[in-house]
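Protein chains in written order, with the working numbering: chain P, 6 to 122; chain G, 6 to 122; chain Z, 6 to 122; chain C, 6 to 122; chain D, 6 to 122; chain A, 6 to 122.
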């Protein structure tokens, strides 16, 4: 369980490489565009990653939630700020979001366990 | 067309009053909780309204988009900052979001037409 | 505005006839199966229509909401019982359901205006 | 596999305690409101849990489905009544619901295996 | 009513121009990528437009449905082939798709009324 | 991991048998209708399975994706044609589809590993 985030990151990067091998121009460009969407623009990267996190929660995608939580924590958002963002997602998306809230809170904890030791 | 936002606000406040009259305790409390979710906490109201806007776009709800656009503009987010948030929503949610992007860009324009004169 | 429900019912029955004319066997059978799903079984029709209403609210489809509200009111569910069902939908589906809650509360009112006179 | 429901309940109560520890007022209040939504009101708890189950199925959330199946079985709904509710969810939500129907039918069986011995 | 498709096309192209004026690089690139996704590749444009149509129906977006119906009819798909695609969308997406099926069947009829005269 | 598709097929057929045992007429008829939706009509089975695949991707259901990938590969769609269909799904559904794209690309690979040896 402790390694859930690590396994996700491993699988994610492994499969992204496999997808790159396919050499589908449209898919490749979409991945680039996805990366660019979170770079500094009128909004900074920190804010955009938080937007991506809340979007992922209301759309109920655990892998997307984990990806953005890791980014948000590395960009310096505090746990309490993330919990506040989780709350917005919970209110907008309703109780159907609760299983993903459990997952998200656990992911924050797992991240700190892996990095604070 | 110019009055689309005004009509929405009128209908919204009229029906919210009607819902209040119903005196359903659960519904009433949910409305309070919804209001509180955007008040200053670990995150400030400005950031939370932007989160609410992106959540509304990926969930594809025009009324919710209009509500949060008005809040965001009144809290001082610039058009370019909103467009950057729209872009995150577009990338996360895909081309199915485009009709709501059209609506959102139009709502920003309508807001300025109503307030800059 | 008073005639919103009537217009919906007119359009709905007009287009359902047009769809029947198409004579697509799969579509025809789906429509039959849809009708049968709400007939008395282990659960009675009243309960099933209420289930259909809540499903329609969390999936955020105003036409489906109106259809099931009319059925529920004709089957004797009281306004307060419907409001209680609306509340379950609101909690499960979150604030993104609110525009549909407004629509649903208005539809209940419109139904009574049309039938109590 | 026999222990799938037990593991879910363990994880669910463990993480709900962890979420309570966070002491986020908005999240805490949402959890209370969620609990209250299923208490006796104009509709009784039995009916509301069945509404919650169908809402969970059309929104395709296995954890939510399991939670409401357990509640429904403990409140005395028969298997055939639940299957009738599953059918409404299947018709409203379509074949995309089928994997969740498999999960739900299995959960009903697992519940009885655990309780009838 | 006859002009519903024409109004949609007018609004769509008007707002797409307005969005282009915004000069947001990410949004601009997404629009290009969206256009390219339907050009001849391993699959031909005709097949891809039909895929786009079914995706739009199960995601329940009337504007997207109208856009792809127009493309499909101009690329030579027959009404009966479109109805067969509608049926797949109806089975996958369930009765919640029915209001969009009504819209889609009407759009096919409106297209022919505008072009056969 | 190599056996993921085999396990899915085993679980799927096992639970479908269990669902058949329940003898719920509505559910049984829906399963028949679902099968019929992909038989030769105005569109052929190959095209319909590809439509079902894209619908499953934008609705983000891994089990449904796997089912249609297997059908598509057995009906002779090439990997590059499937990737082109995945790209349409990715553009329509956005980055929230990416975890399902990873799953789908892996499923295509697993299918070939199992059948080419």
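Note that the Cβ used here is the ideal one computed from N, Cα and C, for glycine as well. Small disclaimer: the values here were computed from a predicted structure and weren't measured.
Proximity of residue 10(G) and residue 106(G) at Cβ, strictly below 8 Å: No, the pair does not count as a contact, with Cβ atoms beyond the cut-off.
If you follow the alpha helix (DSSP H) that residue 59(A) is part of, which residue opens it and which one closes it? DSSP places residue 59(A) in the uninterrupted alpha helix (DSSP H) bounded by 50-63.
Within the 8 Å Cβ cut-off, does residue 45(A) reach chain Z? Not one chain Z Cβ lies under 8 Å of residue 45(A).
For chain Z, check one thing: does any of its Cβ atoms lie closer than 8 Å to the Cβ of residue 76(A)? By this cut-off, residue 76(A) is not an interface position.
What are the start and end residues of the alpha helix (DSSP H) that includes residue 103(P)? Here the alpha helix (DSSP H) through residue 103(P) covers 103-121.
Can you check whether the C-beta of residue 33(P) is within less than 8 Å of a C-beta belonging to chain G? Cβ-Cβ to chain G under 8 Å: no for residue 33(P).
If the cut is a Cβ gap below 7 Å, which residues of chain Z does residue 97(P) touch? Within chain Z, the residues near residue 97(P) are 99, 100, 101.
Please confirm if residue 41(P) has its CB atom under 8 Å from at least one CB of chain D. So yes, residue 41(P) belongs to the interface.
Compute the distance between the beta-carbons of residue 60(Z) and residue 97(C), then report whether it is under 8 Å. Yes; because the gap between Cβ atoms is below 8 Å, this pair is in contact.
If you follow the alpha helix (DSSP H) that residue 77(Z) is in, where does it begin and where does it stop? Start and end: 67-79.
Put residue 42(A) into one of helix, strand or coil per three-state DSSP. Correct three-state label for residue 42(A): coil.
Three or more C-beta pairs under 8 Å: does that hold for the segment 21-39 of chain G against the segment 62-80 of chain P? A contact between stretches requires three or more CB pairs, one per stretch, nearer than 8 Å, and the segment 21-39 of chain G fails this requirement with the segment 62-80 of chain P.
Within this structure, are the beta carbons of residue 48(C) and residue 89(Z) separated by less than 8 Å? Yes, the Cβ-Cβ distance between residue 48(C) and residue 89(Z) is below 8 Å.
Quick one: does residue 111(D) have its CB under 8 Å from some CB of chain Z? Yes, its Cβ sits closer than 8 Å to a Cβ of chain Z.
Of the listed residues 45(P), 99(P), 117(P), nearest to residue 79(P) (C-alpha basis): The shortest C-alpha separation from residue 79(P) is found at 117(P).
Is residue 113(A) closer than 8 Å to residue 87(A) when the C-beta atoms are compared? Result yes, Cβ atoms of residue 87(A) and residue 113(A) sit closer than 8 Å.
Of all Cβ atoms in chain C, is any one closer than 8 Å to the Cβ of residue 56(G)? No, no contact with chain C.
Please go through the same chain and pick out, in chain order, the residues whose beta-carbon is closer than 7 Å to the beta-carbon of residue 32(A), but skip the five residues on each side of it. Contacts found: 24.
If the cut is a Cβ gap below 9 Å, which residues of chain Z does residue 10(D) touch? Going along chain Z, no residue has its Cβ under 9 Å from residue 10(D), so there is no contact; the nearest lies around 16 Å.
Return the first residue and the last residue of the alpha helix (DSSP H) that residue 98(D) is part of. Note, residue 98(D): alpha helix (DSSP H), 84-98.
Would residue 29(C) count as contacting chain P if we go by Cβ distances under 8 Å? Using beta-carbon distances, residue 29(C) counts as an interface residue toward chain P, with a partner under 8 Å.
Would you grab the beta carbon distance between residue 82(C) and residue 56(C) for me? Rounded to a whole angstrom, and I think it's under 8 Å. Contact between residue 82(C) and residue 56(C) does not hold, since the beta-carbon distance rounds to 12 Å and is not under 8 Å.
Alpha carbon of residue 101(A) to alpha carbon of residue 121(Z), nearest angstrom: C-alpha separation (whole angstroms): 48 Å.
Spatial distance of residue 40(P) from residue 104(G) (CA atoms): Near 23 Å, if we compare the C-alpha coordinates of residue 104(G) and residue 40(P).
Would you mind giving the Cβ-Cβ distance between residue 50(C) and residue 44(C), rounded to the nearest angstrom? I have them listed as a contact below 8 Å. With a Cβ gap of about 6 Å, residue 50(C) and residue 44(C) count as contacting.
I think residue 99(P) touches residue 99(Z), with their Cβ atoms under 8 Å apart; what is that distance to the nearest whole Å? With 8 Å as the limit, residue 99(P) and residue 99(Z) qualify as a contact, their Cβ atoms being about 3 Å apart.
Residue-chain proximity (residue 89(D), chain A), Cβ-Cβ < 8 Å: For residue 89(D), the answer is yes, since a Cβ of chain A falls inside 8 Å of its Cβ.
In chain Z, which residues lie less than 7 Å from residue 20(G) when you measure between Cβ atoms? Neighbours of residue 20(G) on chain Z, chain order: 107, 110, 111.
Hey, could you find the ends of the alpha helix (DSSP H) residue 47(D) is sitting in? Segment: none, residue 47(D) is in no alpha helix (DSSP H) and carries neither H nor E.
Taking Cβ-Cβ distances shorter than 9 Å, what residues in chain C pair up with residue 4(G)? Only positions 6 to 122 of chain G appear in the structure, and residue 4(G) is not among them; the question remains open.
Can a CB atom of chain D be found closer than 8 Å to the CB of residue 38(P)? Yes, because at least one Cβ of chain D sits closer than 8 Å to the Cβ of residue 38(P).
Residue 68(A) at chain C interface by Cβ criterion, 8 Å: Taking 8 Å as the threshold, the shortest C-beta distance from residue 68(A) to chain C falls below it.
Kindly indicate which three-state DSSP category residue 14(D) falls into: helix, strand or coil? Helix at residue 14(D).
Return yes when the Cβ of residue 42(D) is within less than 8 Å of the Cβ of residue 74(D), no when it is not. For residue 74(D) and residue 42(D), no; Cβs fall outside 8 Å.
Could you confirm whether any beta carbon from chain D is found closer than 8 Å to the beta carbon of residue 80(A)? Chain D, which has no Cβ nearer than 8 Å to the Cβ of residue 80(A), makes this no.
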